[in-house]
Amino acid sequence: MFVIKYRKIFYWISGLLMGFSLLSILVWGLNFGIDFTGGSLLEVSYTSARPAMNTLQSDLSSLNLGQFSIRPVGDNGYILRTKNLSEPERQEVVAKIAGPNPESMTVKQFNTIGPILGDELRGKAILSIILVILAIVFFITFAFRKVSEPVSSWKYGLVAVVALIHDVIVPTGFFAILGHFANFEVDTLFVTAILVILGFSVHDTIVVFDRTRENLKHNGDAGPRRSFEEIVGRSVSQTFTRSINTSLTVVLSLIVLYFLGAESTHNFALVMLVGIIAGTYSSIFLGSPLLVTLEKWQSRKK
Amino acid sequence: MVRIRIAAIALLIAGALLGLFIYISQKPDSSYPFKLGLDLNGGTHLEYQADVSKVQNGDIKGAMTTLRNVIERRINVFGVSEPLVQTEEATINGNKVEKLIVELPGVTDIKEAVQLIGETPTLEFKTYTGSTTPSASASTSSINEQFKDTQLTGRYLQKATLEFSPNTNQPIVGLNFNSEGKALFAEITKANVGNIVGIFLDGKPISTPVVNEPILDGRAQISGNFTRVQAQDLVRNLNYGALPVPINLIGTESIGASLGADALAKSIKAGIWGFLIVALFLILWYRLPGVLAVISLGMYTVIMLVIFKLIPVVLTSAGLAGFILSIGMAVDANILIFERMKEEFRRGLGLEEGIREGFQRAWLSIRDSNLSSIITGLLLYYFATSALVKGFALVFFVGVIISMFTAITVSRTFLIAIAPKKDGKLSDFLFHRKSSDKKLL
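Protein chains in written order, with numbering that gives the first Met the number 0: chain A, 0 to 301; chain B, 0 to 440.
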C-alpha cells in the first residue's frame with residue numbers, strides 16, 4: 000500500500016501543515032470577536048421611519064468594524080453591537096446610521112458590553128476538552144485490548160489523539176491566516192466548528208483502526224501470516240473508499256451550505272471544510288502509518 | 000420474512016406520521032412550533048439594573064460575571080434555548096451603572112419573560128446589630144436596618160439540598176458553600192458567637208438563627224417553616240444559582256431578528272439541496288441500497304426535527320448549519336455497511352449472505368466509532384460551563400444515537416425485507432454485484 004510505503008512523505012506533508020498552522024497562530028494570533036471580548040452597544044431611535052436594516056448593514060460594513068450585529072428594537076429603533084469604539088469611531092458610526100436626515104435620530108444609549116464567552120469559561124472549556132481526550136485514549140485502549148500484539152492498544156489511543164490534535168490545529172491555523180488577511184473573527188460558531196471536528200476526527204480514525212483490529216485477529220486464518228506493516232496497509236486500502244465517500248457526503252453538504260446557506264454561516268462552512276479534509280487526510284495518511292512507525296521503533300529496540 | 004416486511008412497513012408509516020406531525024404542528028396556534036433564535040426571529044429585550052453598592056471594592060466585575068452566568072444557567076438549562084445574556088456598563092452623569100441585558104428568543108409575552116428570571120433568588124447573610132431580639136412582626140425595612148451586610152452571598156453557594164429536621168421533621172434547606180464561602184462563613188460565625196446571623200432571601204429575612212459556635216465546615220441550614228413544596232422549589236432555584244447582587248427590571252422592549260428575512264429561507268434552501276445532493280450521490284453510487292439509505296436519512300431528518308420541536312431546541316442559523324452538516328455525517332454508518340457488502344460480494348458471496356455479512360462485519364466499527372462520539376458528547380455535556388458547549392453536546396449526542404438507530408435498524412430492516420432470494424441480472428445490478436464476482440465461487 001503506497002500510503003504505508005511512502006509514509007515519510009505524508010508525515011512531511013502533515014508536519015509542514017501543522018508547523019505552518021502553528022506558526023500562523025503564534026505570529027498572527029487569533030482575532031477574537033465581540034463574543035469573546037465584549038464591546039460597545041449603541042441604541043438609537045428615529046422620529047420618522049427608521050432606515051432599512053440591510054442598508055445600514057452595508058453602510059456599516061464599509062467602516063471596517065469587524066463583526067457587528069444590528070437588530071430592530073421597539074417600533075422605531077435599532078440596537079447595534081460592535082467592538083469597543085473609540086470616540087472618533089463612535090462619531091463615524093453615528094453619522095452612518097443617522098441616514099439622510101440626521102435630525103430624526105437620537106442616540107438613546109452608548110454603553111460598554113461584556114463578552115458572551117468570558118475568560119473563565121474559556122479556561123474551563125479547555126479543561127473539559129483535555130478530559131475528553133483522556134477519555135478517548137482510555138476508550139480506545141479498552142476497545143482494542145484484544146489486539147495489543149504487536150502494538151499495545153494504548154498506542155492506538157495515543158495515535159488517535161495525535162491525529163485529533165492535527166485535525167484541530169490545521170483549521171485553527173487556517174483561521175489565523177484568514178484572520179490576518181481577511182479580518183475573520185473567532186466567534187461562538189468557530190468554537191462549535193472545532194467541537195464538530197473533534198468528534199469527526201476520532202470517529203474517522205477509529206473506523207480505519209477497526210479494520211486493522213479485525214485483520215490482526217484473523218491474521219494467518221487463511222493463507223500465510225502477514226507482517227504488521229502489510230496488515231495496516233491492507234486495512235487502509237480496504238477502508239479507503241469508505242473514508243473518501245463519508246468525507247464526500249460531508250463535503251457536499253458543506254459546499255451546499257457555503258453557496259446556498261445564510262451568509263452568517265459562511266465562515267463556519269469554510270473552517271469545517273478545512274477540518275474535514277484534514278480529518279480525512281489524517282485518518283488515512285497519518286494515523287495508520289504512525290502505527291507502523293511505532294511498531295518499527297519497538298522491534299528496533301528489541 | 001413476513002415479519003420483517005411488516006416491520007419495514009411499520010417503520011415507513013411511523014416516519015410518515017412523524018412527518019405529518021411536523022407539518023401539522025407548524026400551523027398557527029400549535030403548541031409545538033419550531034422555535035427560532037434571535038438571529039432569525041427576534042424576541043424580547045430586558046434590561047436590569049444591578050445594585051452593586053454592597054459589593055466589596057474591586058470585585059464588581061466578578062460579581063457581574065457571576066450574575067450573568069447564573070441568569071444564563073437559569074434560563075438556558077439544557078443549553079439549547081439560545082438566549083443572549085450580557086453585562087452592560089453605562090456611564091450616567093459620570094457615575095458607572097451596572098446593567099444586565101437579557102434577550103429571549105421568541106418570547107413576546109414580557110410577563111412570561113420577567114417571571115422566568117424572577118425565580119432566581121438572591122441569598123444574603125447579614126449579622127444582627129440591633130439591641131432587641133428581631134421579631135417577625137416588625138416591618139422588613141426596620142429589620143433590614145438592624146442587620147449589617149456581610150460579604151457572604153449566594154455567589155459562594157455550591158449546592159443546596161432538601162433535608163428534614165430530626166426533631167420536628169420539618170423540611171429545611173441545607174446549604175453547602177464552596178471553599179471561598181466556607182472561609183467567609185467561618186470568619187462570620189467566629190466573630191458572631193452568641194449573636195444572630197440572618198439569612199435573607201430576596202431581601203427578606205427567612206431565618207434568623209443564633210450562632211452557638213463557629214461553623215468551619217461551610218454548611219448552613221435554613222429552617223423557615225417551609226412546606227415541603229416550598230422547600231423543594233427553593234432548593235431547585237438555589238441550585239440553578241443564587242444571585243450575587245439584587246437586580247431590578249428597568250426596561251423591556253421587543254426586538255427584531257438580527258439577520259435579514261432571507262437568512263431563514265436560505266438556510267432551509269441549503270438544507271433541502273444538501274439532502275438532495277447527498278441522496279443523489281448515495282443512489283448513484285450504491286443503487287438500491289442507496290435508495291434505502293436515503294429513506295433512513297429521511298427518517299433521521301424527521302426524527303431530529305421532531306426532537307427539536309419537543310425539547311424544544313431553539314434553531315439559529317448556526318444550529319441549522321450544524322444540522323445540515325449532520326445530514327452529511329449521518330450516512331457514514333450506511334456507507335460503512337454498503338462498502339462492506341460490496342467487499343463480501345467480491346469475495347464471492349451471494350446476495351443474501353453478502354448483505355448479512357456486510358451488516359455483521361461493519362457493526363463493530365460502527366459501534367466503536369459511535370461510542371467514542373457518545374463519550375465525547377456526554378463528557379462535553381456534563382463538564383460544559385458555557386451554554387454554547389452544552390447545547391452543542393446535547394444535540395451532537397442525540398444526533399449520534401438517532402443516526403445509529405436509523406442507519407442500522409431502518410436500513411437493515413428494509414434491506415432484508417426486499418433482498419431477493421435468488422441472484423439474477425437485475426438484482427445483481429440493483430445491489431452493485433458484478434457478475435464477475437460470481438466466478439470466484
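Backbone N, C-alpha and C define an ideal beta-carbon position, used for all residues, glycine too. Remember, it's a predicted structure, so these values are computed and weren't measured experimentally.
CB contact check: residue i to chain A, cutoff 8 angstroms
i: residue 180/B; result: no
i: residue 50/B; result: no
i: residue 328/B; result: yes
i: residue 431/B; result: no
i: residue 367/B; result: yes
i: residue 0/B; result: no
i: residue 385/B; result: yes
i: residue 439/B; result: The predicted position of residue 439/B is uncertain, since its pLDDT is 47 and thus under 50; no value can be drawn from it.
i: residue 136/B; result: Caution applies to residue 136/B, whose pLDDT of 47 falls short of 50 and renders its modelled position unreliable; the value that the coordinates give is listed next. Chain A, which has no Cβ nearer than 8 angstroms to the Cβ of residue 136/B, makes this no.
Cα-Cα separation, residue i to residue j
i: residue 189/A; j: residue 122/A; result: 16 angstroms
i: residue 441/B; j: residue 326/B; result: There is simply no residue 441/B to check, as chain B begins at 0 and stops at 440 in what is shown.
i: residue 104/B; j: residue 94/B; result: 32 angstroms
i: residue 75/A; j: residue 49/A; result: 6 angstroms
i: residue 232/B; j: residue 114/B; result: 14 angstroms
i: residue 124/B; j: residue 118/B; result: 19 angstroms
i: residue 195/A; j: residue 384/B; result: 18 angstroms
i: residue 164/A; j: residue 135/A; result: 13 angstroms
i: residue 135/B; j: residue 246/B; result: Residue confidence is low: residue 135/B scores 49 on pLDDT, short of 50, so the model does not pin down where it sits. Its coordinate-derived value is still stated next. If you take the alpha carbons of residue 135/B and residue 246/B, they lie about 25 angstroms apart.
i: residue 68/B; j: residue 38/A; result: 18 angstroms
i: residue 54/A; j: residue 276/B; result: 34 angstroms
i: residue 406/B; j: residue 358/B; result: 11 angstroms
i: residue 149/B; j: residue 128/B; result: 12 angstroms
i: residue 408/B; j: residue 329/B; result: 14 angstroms
i: residue 191/B; j: residue 116/A; result: 40 angstroms
i: residue 2/B; j: residue 290/B; result: 21 angstroms
i: residue 220/A; j: residue 431/B; result: 28 angstroms
i: residue 65/A; j: residue 394/B; result: 30 angstroms
i: residue 68/A; j: residue 257/B; result: 6 angstroms
i: residue 272/A; j: residue 253/A; result: 7 angstroms
i: residue 369/A; j: residue 183/A; result: Look at the range of chain A in this structure, 0 to 301, and you will see that residue 369/A is not part of it.
Three-way DSSP call (helix, strand, coil) for residue i in this model
i: residue 267/A; result: helix
i: residue 166/A; result: helix
i: residue 364/B; result: helix
i: residue 141/A; result: helix
i: residue 316/B; result: helix
i: residue 311/B; result: coil
i: residue 182/A; result: coil
i: residue 132/A; result: helix
i: residue 260/B; result: coil
i: residue 104/B; result: strand
i: residue 94/B; result: strand
i: residue 460/B; result: Not covered by the structure: residue 460/B. The range shown for chain B is 0 to 440.
i: residue 438/B; result: Residue placement at residue 438/B cannot be trusted, given a pLDDT of 47 that sits under 50; the coordinates are not used to answer.
i: residue 34/B; result: strand
For residue i: DSSP bridge partner residues
i: residue 170/B; result: 163/B
i: residue 81/A; result: 39/A
i: residue 199/B; result: 123/B, 204/B
i: residue 223/A; result: DSSP output for residue 223/A lists no bridge partner at all.
i: residue 104/A; result: 45/A
i: residue 71/A; result: 77/A
i: residue 251/B; result: 45/B
i: residue 85/B; result: 100/B
Any C-beta of chain B under 8 angstroms from that of residue i
i: residue 237/A; result: yes
i: residue 241/A; result: yes
i: residue 220/A; result: no
i: residue 205/A; result: yes
i: residue 309/A; result: Here chain A covers residues 0 to 301 and nothing more, so residue 309/A does not appear.
i: residue 123/A; result: yes
i: residue 230/A; result: no
Worksheet item: Is the stretch 16 to 23 of chain B touching the stretch 181 to 196 of chain A, taking contact as three or more C-beta pairs under 8 angstroms?
Response: no
Worksheet item: Below 8 angstroms, can you find three or more Cβ-Cβ pairs linking the stretch 374 to 392 of chain B to the stretch 412 to 426 of chain B?
Response: no
Practice prompt. Evaluate the contact criterion for the stretch 14 to 28 of chain A versus the stretch 83 to 100 of chain A: three or more CB pairs, one atom per stretch, below 8 angstroms.
Written response: no
Worksheet item: Can you find at least 3 beta carbon pairs, one from the stretch 40 to 57 of chain A and one from the stretch 96 to 108 of chain A, that sit closer than 8 angstroms?
Response: Output reads yes: the stretch 96 to 108 of chain A touches the stretch 40 to 57 of chain A.
Discussion item. Pairs of beta-carbons, one from the stretch 237 to 254 of chain A and one from the stretch 5 to 14 of chain B, closer than 8 angstroms: are there three or more?
Written reply: no
Practice prompt. Evaluate contact between the stretch 225 to 236 of chain A and the stretch 283 to 293 of chain B, counting only Cβ atoms and requiring at least three cross-stretch pairs below 8 angstroms.
Written response: No contact exists between the stretch 225 to 236 of chain A and the stretch 283 to 293 of chain B.
Fill in: At least three beta-carbon pairs within less than 8 angstroms, the stretch 32 to 50 of chain B to the stretch 248 to 255 of chain B
yes
Discussion item. Below 8 angstroms, how does it come out for the stretch 177 to 192 of chain B and the stretch 261 to 272 of chain B: are there three or more Cβ pairs, yes or no?
Written reply: At 8 angstroms Cβ cutoff, the stretches do not touch.
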